[in-house]
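The next block holds one structure in the form of structure tokens; read it before the comments.
Residue numbers (my numbering): 5 to 563.
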């Protein structure tokens, strides 16, 4: 704010939390504290947005828990979190005047919507004479720098992206956690009625029903994130041997070392994760530098952030220059059955049930349901799947979520459309005993292993003995997979044949072939994946051979 000549400049800082909900490795927050007389930590929450946005209760719960944890951590430093209701463009002019703000700091947001929002706030700040300081800490690298090094266009193959990253310096080292000494040098003015105006709201206040009996699988917050990171790194064997353990039924369930939601919300710094992995690897491998693929889960995240940063239409087909324009079917009824876990395929339904209940599913489970919705069976646009995941998935980063759906639907980045996941055989190979099915579809718990993945093939006597008759207690398969997958492969073939003359000229020049592109790597702990369909730690050519679907004895069903 303007000062009179000769007056001593008082620095009143506001740090604006969005993502980056943490006190460790937070350079923008460090800038807010630097030489400040006062500092206030703000989170702006729009109650209208809570009631209208496509965000489910699990994601809101995780956010509110993260804000509560942040407030608790700030209390230990004699500060508080100010949760302000409203929209940033309306809130900041009032706060600037009310608090006599001179400095505003926040973390750089590389996504198009965030850049537009932040540009508007920077302009408002200038009008009020408020200095703005923006620092990057949500990604390892600057997406703009990577684009600059790629002739001012985003690299659209992971191979090309890796080549550029190899030329960059290592990511900046993470900054230490904010200390009591730092906070003591700049006070936070906290009113007695702080909680009346600036407390973290409850789910009920945001319009959600009370859920007192629900114990979430994923607890939000920086404190939980750091505890999980320590547990994750305690499992040193996979880092030391750098070998990929087999994926099994246990992998399908959430465990206490999963990190992906914490990276998505910024409760855990990606740079802290990166350097912990690097240092542990070098310690166990006698100081040899780790290969880039050790950081695969983080680099795929960076890849999609870079691809999306200058593309506001990255989450849709229309106006999206990297997306193949595929004539998908419009089938709201089929979409609803998929989203609600009522397809009649236990493997698909169990995955969607887990997603709706817990907000997380294994990356291979994401592959299965995404393929089923799009090119595998239902031929429904990946845009619809993106919206459902955006609502339900805790780690659904906008860039990574949309990029993953384009990838798996063969709309961008990858075009091996003849590789299709079987909704029976894929699950059976992963979990032969069907424990996962029984956990999330208890109606089928008494089915013998032989029929747990295809209950419609069980004799009527077996169905009655299991107290679950197909078509009465559990739906019949909504589609004939064998017929649909064959039809959809032909559809995809026609799409790509029509576009083939563009290769080398525009669209398809950016789409890698299987020989050119390394597939996303698999992990011993895929739950550490940073909010993607296939973001993980170690490599495997998942599609090196065609996934063969076991022969189905399906009932005839109508599309």
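Positions of the beta carbon are idealized from the N, C-alpha and C atoms, including for glycine.
Problem set entry | CB of residue 299 within 8 Å of CB of residue 403, strictly | Cβ atoms of residue 299 and residue 403: not closer than 8 Å.
For this session: May I ask you to list the residues that DSSP assigns as paired with residue 191?
Result: Its beta-bridge partners are 42.
For this session: Grab me the residues of residue 143's own chain with a C-beta within less than 8 Å of its C-beta, minus the 5 sequence neighbours each way, in chain order.
Result: The answer, listed in chain order, is 114, 274, 305, 306 and 309.
Exercise. Would you call the CB atoms of residue 363 and residue 378 closer than 8 Å?
Worked result: Residue 378 is positioned such that its CB atom lies no closer than 8 Å to that of residue 363.
Exercise. Considering only the beta carbon of each residue, do residue 116 and residue 48 sit closer than 8 Å?
Worked result: With contacts defined by Cβ atoms closer than 8 Å, residue 116 and residue 48 do not form a contacting pair.
For this session: Would you mind giving the Cβ-Cβ distance between residue 479 and residue 348, rounded to the nearest angstrom? I have them listed as a contact below 8 Å.
Result: Yes, residue 479 and residue 348 are in contact; Cβ-Cβ is about 4 Å, under 8 Å.
Exercise. Taking three-plus beta-carbon pairs below 8 Å as touching, is the segment 320–336 in contact with the segment 349–362?
Worked result: With the cut-off at 8 Å, the segment 320–336 and the segment 349–362 do not touch.
Problem set entry | Helix, strand or coil at residue 154 [DSSP, three-state] | Assigned with DSSP and collapsed to three states, residue 154 falls in coil, not helix or strand.
Problem set entry | DSSP state of residue 458 mapped onto helix, strand, coil | Coil, per DSSP.
For this session: Per DSSP, which residues does residue 333 bridge with? Please list them.
Result: Beta-bridge partners assigned by DSSP to residue 333: 384.
For this session: Could you say which of 368, 476 and 346 lies nearest to residue 444 if we only look at CA atoms?
Result: Among 368, 476 and 346, the Cα nearest to that of residue 444 belongs to 346.
Exercise. With respect to the beta strand (DSSP E) encompassing residue 109, which residues constitute its N-terminal and C-terminal limits?
Worked result: 107–111 is the extent of the beta strand (DSSP E) around residue 109.
For this session: Rank 394, 440 and 352 by C-alpha distance to the C-alpha of residue 375 and give the top, closest one.
Result: Distance from the Cα of residue 375 is smallest, within the candidate group 394, 440 and 352, for 352.
For this session: Using three-state DSSP, classify residue 349 as helix, strand or coil.
Result: Three-state result, residue 349: coil.
Problem set entry | The alpha helix (DSSP H) enclosing residue 412, as first and last residue numbers | 402–412 is the span of the alpha helix (DSSP H), which, as asked, contains residue 412.
Problem set entry | Distance, residue 470 Cα to residue 269 Cα | If I take the Cα positions, the gap works out to 43 Å.
Exercise. Taking all protein chains shown into account, do 16 or more other C-beta atoms lie within 10 angstroms of the C-beta of residue 527, making it buried, or fewer, making it exposed?
Worked result: In this predicted model, residue 527 has a pLDDT of only 34, less than 50, meaning its place in the structure is not dependable enough to derive any value.
For this session: May I ask you to verify whether the segment 165–176 touches the segment 133–153, counting CB pairs closer than 8 Å and requiring at least 3?
Result: At 8 Å Cβ cutoff, the stretches touch.
For this session: Using the Cα positions of residue 410 and residue 281, report the straight-line distance between them to the nearest angstrom.
Result: Rounded to the nearest angstrom, the two C-alpha atoms are 29 Å apart.
Exercise. In chain order, what residues of the same chain have a beta carbon less than 8 Å from the beta carbon of residue 294, not counting five sequence neighbours either side?
Worked result: Excluding positions up to five away in sequence, the list reads 281, 282, 285 and 286.
Problem set entry | Beta bridge counterpart(s) of residue 86 as assigned by DSSP | DSSP lists 46 as partners of residue 86.
For this session: Within its chain, find whatever has a CB closer than 6 Å to the CB of residue 400; leave out the 5 residues flanking it on each side and keep chain order.
Result: If the five residues before and after residue 400 are omitted, its C-beta is found closer than 6 Å to the C-beta atoms of 393 and 394, all from its own chain and listed in chain order.
Exercise. Using a Cβ-Cβ cut-off of 6 Å (strictly less than) and excluding sequence neighbours within five positions of residue 158, which residues of its own chain qualify?
Worked result: Excluding sequence neighbours, residue 158 sits near 151, 310 and 311.
Problem set entry | Backbone secondary structure at residue 364 - three-state DSSP | It is coil, neither helix nor strand.
For this session: Given a cut-off of 8 Å, decide if residue 36 and residue 17 are closer than it, judged by their beta-carbon atoms.
Result: Between residue 17 and residue 36, the gap from beta carbon to beta carbon is short of 8 Å.
Problem set entry | Pairwise C-alpha distance: residue 302 and residue 538 | Only weak support is given to the placement of residue 538: the predicted model assigns it a pLDDT of 34, under 50, and the value that follows is read from those uncertain coordinates. In a straight line, the C-alpha of residue 538 is about 11 Å away from that of residue 302.
Exercise. Can you tell me where the beta strand (DSSP E) with residue 564 in it begins and where it stops?
Worked result: Residue 564 is absent from the model: the chain starts at 5 and stops at 563.
Exercise. Does DSSP put residue 357 in a helix, a strand or coil?
Worked result: In the three-state DSSP reduction, residue 357 falls in the helix class (H, G or I).
Exercise. Hey, residue 222 and residue 21: beta-carbon distance below 8 Å or not?
Worked result: Taking 8 Å as the Cβ cut-off, residue 222 and residue 21 do not qualify as a contacting pair.
Problem set entry | C-alpha distance - residue 13 paired with residue 189, whole-angstrom precision | Whole-angstrom Cα-Cα distance: 16 Å.
For this session: Inspect the beta-carbon positions of residue 61 and residue 212 and report whether they are closer than 8 Å.
Result: Taking 8 Å as the Cβ cut-off, residue 61 and residue 212 qualify as a contacting pair.
Problem set entry | With 16 other Cβ atoms within 10 Å as the buried cut-off, status of residue 39 | Exposed, since its Cβ has fewer than 16 Cβ neighbours within 10 Å.
For this session: Could you have a look at residue 171 and say whether DSSP puts it in helix, strand or coil?
Result: Residue 171 falls in the helix class under three-state DSSP.
For this session: Could you pull out every residue in the same chain whose Cβ sits closer than 8 Å to the Cβ of residue 439, ignoring the five residues on either side in sequence?
Result: Answer for residue 439: 253, listed in chain order.
Exercise. Looking only at its own chain, which residues have a Cβ that is under 8 Å from the Cβ of residue 258, when we skip the five neighbours before and after it?
Worked result: Once the five neighbours on either side are set aside, the close Cβ partners of residue 258 are 221, 222, 362, 364 and 531.
For this session: Have a look at residue 132 and residue 107 and give me their C-alpha separation to the nearest angstrom.
Result: One alpha carbon belongs to residue 132, the other to residue 107, and they sit about 10 Å apart.
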